[in-house]
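Protein chains in written order, with the numbering used here: chain A, 263 to 508; chain B, 5 to 256.
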Amino acid sequence: MKFFFHVGRYFKLLGRVFGRPEKHKMYLRQLFHEIDSLGVNSVWIVIIISVFIGGIMTIQFAYSMSNPIYPNTLVGLGTRDTLILEFSSTMLALIMAGKIGSNITSEIGTMRVTEQIDSLEIMGVNSASYLILPKIVAVVFIFPFLFIISVFFGLLGGLVTGPIAGVISIPDYIDGIQWLFYPYYVTFSLIKSVVFGFIVASVPAYYGYYVHGGALEVGSASTKAVVNTNILILLFDLILTRLLLT
Amino acid sequence: MIEVKNIYKSFDGVPILKNISTVFEQGKTNLIIGKSGSGKTVLLKSILGLYEIDKGEIWYNKRNLVATPEKERKKMRREIGMVFQGGALFDSLSVQANVRFPLDMFTKMSAKEKQNRVEFCLEHVNIEPTKFHLHPSEISGGMQKRVAIARAISLNPKYLFCDEPNSGLDPETSTVIDKLIQSLTKEFQMTTIINTHDMNSVIEIGESVLFIAEGEVGWQGTNKEILQTQNEKLNDFIFANKLYAQMRREKS
């Protein structure tokens, strides 16, 4: 029953979130602020994680394909497809759920417990829309860019690490990342990024918006938000893969 | 003027407010007092429309809030200023941006007009221009309350609500805040309702006092009458502080 209660309240909140803004200019200003704080500030961590994962995957692929019957180009192909299909969309979304999601829950939750949300409501502002809509739009907008950045730097990580570790030559790696390339994989992962972006922004916002109590409850809501966001990301990954890839 | 008529409110079947009727007059500081858990915050939030009441009427001059649709209520709320217990200033905005926020959201004023209004409001609550650019975390608790009052009056409201405006403040700063609210009420002829359990505020500015006990109206009167009352529950509340028991003995 509690599950249905949360689902119902989540969709009810979304109904308010997509209500008509009081003043578009104020929402737009808020949107730019969110793109900067949630998106642009995440670029460095995405680059760092992607470079390392790209490098690690290249070494692991090279290790598991050390049999001479496999062509060396498979290392680049494996790294590329894993990055595009799973890591840069799904794994990155899971990581971002921890970074962006907990940030959103604690920010909105703190506003709730310090009565800042009540203050907006009394002024006549649709607090759900003003606080959550710019975050959802910002994250949905920025996620596909983070995906592209992640793929690029993941491949770069492999390109640098593979030859340094002595597991693959640069020409073999470059051949591999161009071999049997299906552009649809990118489209598929961009669709996933948009869906995951929506989940990463809206679910933590829901948990933050309905916090009751104090700092302890905000912390607990943040944990719940990240856990449930991760579960939803994996569930939708499965659904979208079944619907769009098979 | 705000008039509440026979209002009832319960949570999960537990009655919190029982048949409350009273009038809060314009141009006066109307205080709601009572012990913690007596229902005064529920009453204040019900009058604001943050809680839907079970039964009764809440009249803002000639408009019944209970019968007003949500869209109209939003418009009505623009006539309301609210000072929260903790100030509820937006952490991410500076002092002046906090005061400007309602103007940005609801008016078509030019940037210059808005700035003039912000300065007018902040000067009225004695905030120095050097503090305008600071963030709420960089100013004292008393100053945060004054900025919250400035924000509350920025749209020139007809009604001002204050939920325990003195909580967490020292007695001297509390008196400053009390006097400030009273003077603004007179100057702008607002209907001001203050929720408090601070007896100093009652004595200082309680032009009209409503005592809530166990969700009901326990007593109503003025600060001049309160020390003479024979109401047992109210006496228990007031004279828990020995200073006021001493004052009463001296008066009698």
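By construction, the Cβ of each residue, glycine as well, lies at the ideal position given by its N, Cα and C atoms. Given the structure is predicted, the values throughout are model-derived calculations rather than measurements.
query	result
Is Ala483 of chain A buried or exposed, if buried means 16 or more other CB atoms sit within 10 Å of its CB?	buried
Over what stretch of residues does the alpha helix (DSSP H) that includes Phe294 of chain A continue unbroken?	His286 to Glu296
Are the beta-carbon atoms belonging to Asp182 of chain B and Pro140 of chain B less than 7 Å from one another?	no
Cβ atoms of Ile362 of chain A and Ser464 of chain A: under 7 Å apart, would you say?	no
Is the stretch 45-64 of chain B touching the stretch 223-243 of chain B in the sense that three or more CB pairs, one from each, lie closer than 8 Å?	no
Run through DSSP, which three-state label would Val87 of chain B get?	strand
Return helix, strand or coil for Asp434 of chain A, following the three-state DSSP convention.	helix
Under 7 Å, do Val488 of chain A and Ser368 of chain A count as touching if we go by C-beta distance?	no
Decide if Pro169 of chain B is buried, meaning its Cβ has at least 16 other Cβ atoms within 10 Å, or exposed.	buried
By the three-class DSSP mapping on this structure, what secondary structure does Ala217 of chain B have?	strand
Once you ignore the five residues that flank Lys162 of chain B on each side, which residues in its own chain have a CB closer than 7 Å to its CB?	Glu83, Met194 and Thr195
Please work out which residues of its chain come closer than 7 Å, Cβ to Cβ, to Ala324 of chain A, disregarding the five sequence neighbours upstream and downstream, and give them in chain order.	Val337, Gly424, Val429 and Ile430
For Met385 of chain A versus Ile379 of chain A, is the C-beta spacing smaller than 7 Å?	no
Short check: CB of Ile6 of chain B to CB of Tyr64 of chain B, under 7 Å?	yes
Residues in its own chain within less than 6 Å of Thr189 of chain B by CB, not counting five upstream and five downstream?	Thr33 and Thr196
Expressed to the nearest angstrom, what Euclidean distance is found between the alpha-carbon atoms of Pro466 of chain A and Asn490 of chain A?	9 Å
For a contact meaning CB atoms closer than 7 Å, what does Phe94 of chain B contact in chain A?	Gln378
Are there three or more Cβ pairs, one per stretch, closer than 8 Å when the stretch 494-506 of chain A is compared with the stretch 389-397 of chain A?	no
Would you report the Cα separation of Val308 of chain A and Arg150 of chain B, rounded to the nearest angstrom?	43 Å
With DSSP as the reference, please indicate the residues paired to Lys13 of chain B in a beta bridge.	B:Leu21
Closer than 7 Å, Cβ to any Cβ of chain A: which residues of the stretch 52-74 of chain B, in chain order?	Leu52 and Leu54
What residues of chain A sit near Lys79 of chain B, judged by a beta carbon separation below 9 Å?	Gly386
Please identify the residue among A:Leu354, A:Ser381, A:Trp441 and A:Ala427 whose C-alpha is closest to the C-alpha of Ile404 of chain A.	A:Leu354
What does the Cβ neighbour count give for Gln440 of chain A, buried or exposed, with the cut at 16 atoms within 10 Å?	exposed
Tell me whether Arg282 of chain A is buried or exposed, calling it buried when 16 or more other Cβ atoms sit within 10 Å of its Cβ.	exposed
Going by beta carbon distance, what residues of the same chain come within less than 6 Å of Ser40 of chain B, once the five residues before and after it are set aside?	none
Comparing alpha-carbon positions, which option in B:Met203, B:Ser212, B:Ile207 and B:Glu229 lies nearest Phe315 of chain B?	Any property of residue 315 of chain B remains undetermined from this structure, which presents chain B solely from 5 to 256.
Between which two residues does the beta strand (DSSP E) containing Trp63 of chain B stretch?	Lys59 to Tyr64
If we call anything under 7 Å between Cβ atoms a contact, is Ile36 of chain B one with Leu214 of chain B?	yes
Compute the Euclidean distance between the alpha carbons of Met327 of chain A and Ile357 of chain A, then round it to the nearest angstrom.	28 Å
Let me confirm a value: Lys66 of chain B is counted as buried when at least 16 other C-beta atoms fall within 10 Å, else exposed. Which label applies?	exposed
Can you tell me whether Met147 of chain B is buried or exposed, with buried defined as 16 or more other CB within 10 angstroms of its CB?	buried
Could you tell me which uninterrupted alpha helix (DSSP H) segments, each at least 4 residues in length, are contained entirely in the stretch 329-406 of chain A, listed from first to last along the chain?	335-344, 354-358, 364-375 and 378-385
Could you name the residues of chain C that Arg150 of chain B contacts, counting a contact when the two beta carbons are closer than 7 Å?	Of the chains in the structure shown, none is chain C; the protein chains are A and B.
Within a Cβ cutoff of 8 Å, which residues of the same chain sit near Arg77 of chain B, ignoring the five residues on either side of it in sequence?	Gly53 and Leu69
Quick check on this structure: which residue in A:Ile310, A:Ala400 and A:Ser412 has the alpha carbon closest to the alpha carbon of His295 of chain A?	A:Ala400
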